[in-house]
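Per the working numbering, the very first residue in the sequence shown carries number 41; after that it's consecutive. Scroll down for the structure; my scribbles are underneath it.
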Amino acid sequence: MPVMLDSLLENARLALERGDLNDAETLLQHCLQLEPDHGAAHHLLGKTLLAMGRPEEALHHQRCSCRCDPALGWNWFAAAELLQRKQRWREAADHLQRAADALPTEQPWIEDLARQTWLQYHCGGEDLSRGLGPAAYQYWIQYREPRLPDPAVPLLDPWWQPEPLKEWPRDGWLLLLGDQCRLRPGALQAVEQWLAEQDGKATPHLIYTDEDRLSDDGSRLDPWFKPGWCDDSFWGTPWLDSFSAWSIPWLRDRQLPLPPSDPQQRFRWILNALHQKPVIAHVAQVLVHGPPGPIPAAECWDRAAALRDHLEAGQEAITTVEPMGAAGFRLQWALPPRVSCEVIIPTRDRAELLQPCLQRLWDTTSHLDCRVTIVDNGSQEPATQTLLADWTARLGPGLRVMADPGPFNWSRLNNRAARPSQADLVLFMNNDVEAIRPGWLEAMAGQALRPAIGCVGAVLTYPDGSLQHAGIVVGMAGGADHAYRGLGVEHPVHRGRSRFLTNWGAVTGACLMVRRELFLRHGGFDERLPVEFNDVDFCLRLGAVGYRHVVTPEAVLLHRESQSRDAQGSTTAAAALERVRRRWKARLHATSPWWPAASARNSADGRPREFCPPGWWLGDRMVGPQGQPWGSS
Numbered sequence: 041m042p043v044m045l046d047s048l049l050e051n052a053r054l055a056l057e058r059g060d061l062n063d064a065e066t067l068l069q070h071c072l073q074l075e076p077d078h079g080a081a082h083h084l085l086g087k088t089l090l091a092m093g094r095p096e097e098a099l100h101h102q103r104c105s106c107r108c109d110p111a112l113g114w115n116w117f118a119a120a121e122l123l124q125r126k127q128r129w130r131e132a133a134d135h136l137q138r139a140a141d142a143l144p145t146e147q148p149w150i151e152d153l154a155r156q157t158w159l160q161y162h163c164g165g166e167d168l169s170r171g172l173g174p175a176a177y178q179y180w181i182q183y184r185e186p187r188l189p190d191p192a193v194p195l196l197d198p199w200w201q202p203e204p205l206k207e208w209p210r211d212g213w214l215l216l217l218g219d220q221c222r223l224r225p226g227a228l229q230a231v232e233q234w235l236a237e238q239d240g241k242a243t244p245h246l247i248y249t250d251e252d253r254l255s256d257d258g259s260r261l262d263p264w265f266k267p268g269w270c271d272d273s274f275w276g277t278p279w280l281d282s283f284s285a286w287s288i289p290w291l292r293d294r295q296l297p298l299p300p301s302d303p304q305q306r307f308r309w310i311l312n313a314l315h316q317k318p319v320i321a322h323v324a325q326v327l328v329h330g331p332p333g334p335i336p337a338a339e340c341w342d343r344a345a346a347l348r349d350h351l352e353a354g355q356e357a358i359t360t361v362e363p364m365g366a367a368g369f370r371l372q373w374a375l376p377p378r379v380s381c382e383v384i385i386p387t388r389d390r391a392e393l394l395q396p397c398l399q400r401l402w403d404t405t406s407h408l409d410c411r412v413t414i415v416d417n418g419s420q421e422p423a424t425q426t427l428l429a430d431w432t433a434r435l436g437p438g439l440r441v442m443a444d445p446g447p448f449n450w451s452r453l454n455n456r457a458a459r460p461s462q463a464d465l466v467l468f469m470n471n472d473v474e475a476i477r478p479g480w481l482e483a484m485a486g487q488a489l490r491p492a493i494g495c496v497g498a499v500l501t502y503p504d505g506s507l508q509h510a511g512i513v514v515g516m517a518g519g520a521d522h523a524y525r526g527l528g529v530e531h532p533v534h535r536g537r538s539r540f541l542t543n544w545g546a547v548t549g550a551c552l553m554v555r556r557e558l559f560l561r562h563g564g565f566d567e568r569l570p571v572e573f574n575d576v577d578f579c580l581r582l583g584a585v586g587y588r589h590v591v592t593p594e595a596v597l598l599h600r601e602s603q604s605r606d607a608q609g610s611t612t613a614a615a616a617l618e619r620v621r622r623r624w625k626a627r628l629h630a631t632s633p634w635w636p637a638a639s640a641r642n643s644a645d646g647r648p649r650e651f652c653p654p655g656w657w658l659g660d661r662m663v664g665p666q667g668q669p670w671g672s673s
């Protein structure tokens with residue numbers, strides 16, 4: 041009998057691999073007639089039935105396989121996947137935990153999946169990888185949000201509001217609260233508690249906090265976890281309107297007038313006060329409920345005029361400040377009459393990628409003196425040679441092909457092409473990137489020519505339209521990761537931050553612009569980092585001497601990420617990460633100021649920090665509502 045069962049099972053496995061699903065089902069049903077509690081047969085039959093489009097029967101047999109062979113972790117895992125498809129999150133999480141217990145070598149990632157599934161269960165099935173939805177936010181508020189101090193606790197400092205003031209008091213804090221905004225009970229006590237915990241650091245002159253809104257029925261929604269202070273990010277989405285606290289001794293010392301009561305004049309007052317360079321601090325707690333609706337259109341244009349005046353007073357060559365979204369701005373900088381740009385594209389064969397890359401570059405750029413350099417890293421295919429010859433004939437001196445065969449070293453290929461260039465700007469571009477609409481190159485150039493800016497990045501999307509890159513969070517998960525990766529372009533996380541001009545610690549080299557002189561003066565890309573982290577390392581070197589990096593939302597391109605190379609089969613990633621960690625150890629331990637302190641440092645979707653380990657562990661138990669282990673009744 042065992043020999044016959046083994047033969048039937050093997051033949052069924054082969055039939056499944058061939059795609060002969062009916063044969064596989066017949067053989068496996070025969071196995072189970074001979075031995076009804078054969079776990080492997082149930083498991084294989086579950087896979088077969090799923091492939092045949094019969095998930096209910098598949099789940100039945102996978103659960104039978106768990107009952108028959110409870111020590112086989114992949115049985116539990118297969119059942120969990122089917123339970124997830126049916127959105128039975130609690131059962132799926134339990135099955136995933138059983139799989140992790142039975143598969144010690146696979147435990148970390150399965151256990152993480154179990155945590156995510158438990159969280160999805162508690163958040164009403166919302167997928168946090170697509171942004172913090174309303175049910176997840178309500179769960180966070182009820183069970184995970186840090187509690188504010190008792191509002192009955194006496195305040196240590198005097199807090200003043202501007203309306204009754206005729207002159208500046210001698211000390212204390214000036215509280216500016218926006219129209220229709222409401223402080224949460226205990227908010228000011230929370231600010232004072234934060235100040236008391238600063239361990240001798242200099243007292244800031246300006247404090248701001250996170251915020252959300254109230255619905256008509258009083259429910260909290262639409263959280264705005266804000267980053268640390270970044271000038272360009274603030275200009276794109278000003279965040280001081282709802283709540284700001286100002287040191288009165290500092291205001292007196294700077295001889296600033298009392299703030300006006302009119303909201304638009306007050307916004308201008310805030311911008312004027314920022315010209316005095318206050319020391320700014322961020323309390324990463326939701327302490328205020330912001331206005332319930334968008335700012336009226338007329339007020340938005342008044343604010344745009346005030347912001348334009350502010351930027352011009354700061355010697356910014358701004359040309360466009362237009363309201364965009366609920367409370368943000370579209371910003372554009374001037375270009376000189378003539379500016380030249382060298383577009384550098386390393387490639388090795390893959391003509392089917394390079395052709396649309398070049399074609400879309402040609403179709404969407406017209407206002408810059410632009411030359412393209414193709415760095416040919418040993419192409420062999422005739423189609424590539426034909427493509428390069430065609431484009432050389434088409435562009436003439438506007439295109440050069442530089443041969444550089446040998447092992448792939450992205451840093452070396454780009455450095456070699458940048459050194460002889462005479463262009464004002466260099467744009468490093470992967471051969472699997474395609475421009476979408478005109479204006480992107482000019483928008484990047486306007487940013488790159490600003491004296492304070494180092495590297496300029498673009499918003500890159502996957503072919504399915506989701507975000508691949510909107511900026512790099514340096515310090516995420518002990519290394520670096522792309523902010524908002526996988527979210528939709530119109531995502532609401534952090535008030536849709538990736539749709540506005542934004543500062544980041546680094547930008548991807550897949551589409552990176554920088555002034556050529558600045559690039560060469562600071563040594564270019566480190567050729568000891570041949571593939572990974574060379575862009576992050578270069579951005580960190582510029583950041584260390586005071587340059588800011590930005591992503592401009594006018595530059596949106598398609599990125600077929602790493603299609604010309606096997607990203608998963610990298611033999612260089614581990615060594616590159618170790619090298620970067622040795623060089624930038626302190627920098628890689630912090631995500632500030634670019635990433636909101638209230639958001640998790642190991643998840644790029646912006647979820648609250650309490651929704652990621654170690655925030656939901658208590659000993660060896662997952663912690664859920666009211667401190668109970670998740671999954672317990």
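Even glycine gets a Cβ: it sits at the ideal position worked out from N, Cα and C.
Measure the C-alpha to C-alpha separation of residue i and residue j and round it to an integer number of angstroms.
| i | j | result |
| --- | --- | --- |
| Glu11 | Arg459 | The structure shown does not extend to residue 11, since the chain spans only 41 to 673, so no value can be given for it. |
| Ala607 | Asp577 | With a pLDDT of 49 at Ala607, under the threshold of 50, the predicted position of this residue should be treated as unreliable, though the coordinate-derived value follows. Ala607 and Asp577: Cα-Cα distance of roughly 19 Å. |
| Gln603 | Thr387 | Note on Gln603: pLDDT 44, under 50, position unreliable in the model; no value is reported. |
| Met662 | Glu65 | Unreliable placement is indicated for Met662, whose pLDDT of 37 sits below 50; the coordinate value is still reported in the next sentence. Roughly 39 Å separates the two Cα atoms. |
| Pro447 | Asp566 | 16 Å |
| Arg58 | Arg622 | 49 Å |
| Gln233 | Ala584 | 32 Å |
| Met44 | Phe573 | 55 Å |
| Gly563 | Leu467 | 16 Å |
| Gln508 | Leu195 | 46 Å |
| Ala550 | Met469 | 5 Å |
| Ser47 | Leu67 | 10 Å |
| Leu172 | Pro376 | 42 Å |
| Cys652 | Ser643 | 8 Å |
| Pro278 | Ser406 | 33 Å |
| Trp275 | Leu347 | 8 Å |
| Cys106 | Asp167 | 27 Å |
| Pro174 | His599 | 31 Å |
| Gln668 | Cys163 | Any reading at Gln668 is ruled out, since the residue's pLDDT is 36, under 50, leaving its predicted position unreliable. |
| Gly586 | Pro267 | 18 Å |
Tell whether a beta-carbon distance below 8 Å holds between residue i and residue j.
| i | j | result |
| --- | --- | --- |
| Arg306 | Leu216 | yes |
| Phe265 | Pro636 | yes |
| Arg224 | Leu188 | yes |
| Leu49 | Ala98 | no |
| Ala52 | Leu72 | no |
| Ala230 | Leu327 | yes |
| Gln124 | Asn115 | no |
| His78 | Cys108 | yes |
| Ile247 | Ala313 | no |
| Thr592 | Leu541 | yes |
| Gly494 | Val554 | yes |
| Cys340 | Pro303 | no |
| Gly519 | Leu628 | yes |
Identify every residue that forms a DSSP beta bridge with residue i.
| i | result |
| --- | --- |
| Gln102 | Partner(s): none; Gln102 has no beta bridge. |
| Met468 | At residue 468 the sequence reads Phe, which differs from the Met that was named. Answer is Ile384 and Leu552, bridged to Phe468. |
| Thr295 | Note that residue 295 is Gln in the sequence shown, not Thr. Gln295 is not bridged to any residue. |
| Gly528 | Ser506 |
| Asp409 | Ser380 |
| Val323 | Thr249 |
| His329 | Arg222 and Asp252 |
| Val415 | Pro386 and Met442 |
Span of the alpha helix (DSSP H) holding residue i?
| i | result |
| --- | --- |
| Phe117 | Gly113 to Arg125 |
| Asn543 | Per DSSP, Asn543 belongs to no alpha helix (DSSP H); it is in the beta strand (DSSP E), Thr542 to Trp544. |
| Ile476 | Looking at the DSSP string, Ile476 is not in any alpha helix (DSSP H), and its letter there is neither H nor E. |
| Trp129 | Trp129 to Ala142 |
| Arg153 | One detail in the question is off: residue 153 reads as Leu in this sequence, not Arg. It spans Gln147 to His162 - the alpha helix (DSSP H) in which Leu153 sits, taken as one unbroken run. |
| Gln305 | Pro303 to Leu314 |
Would you give the residue range spanned by the beta strand (DSSP E) that residue i belongs to?
| i | result |
| --- | --- |
| Gly486 | No beta strand (DSSP E) contains Gly486, which is instead part of the alpha helix (DSSP H) from Trp480 to Ala488. |
| Val496 | Ile493 to Thr501 |
| Ala638 | Looking at the DSSP string, Ala638 is not in any beta strand (DSSP E), and its letter there is neither H nor E. |
Got a sec: does the ligand FMN put a non-hydrogen atom nearer than 7 Å to the Cβ of residue i?
| i | result |
| --- | --- |
| Ala346 | With respect to the ligand FMN, the structure shown offers nothing to examine, as it has no ligands at all. |
Open item on the list: Is it the case that the stretch 350-362 contacts the stretch 509-526, given that we only count it when at least three CB pairs across the two stretches are under 8 Å?
Closed with: no
TODO: Please confirm if the stretch 507-517 is in contact with the stretch 541-557, defined as three or more CB-CB distances below 8 Å between the two stretches.
DONE: yes
TODO: For the stretch 469-483 and the stretch 249-266, state whether three or more C-beta atom pairs, one from each stretch, are separated by less than 8 Å.
DONE: Not touching, per the Cβ criterion.
Task: Segment contact flag, the stretch 153-170 with the stretch 125-142, C-beta cutoff 8 Å, min 3 pairs - done: yes
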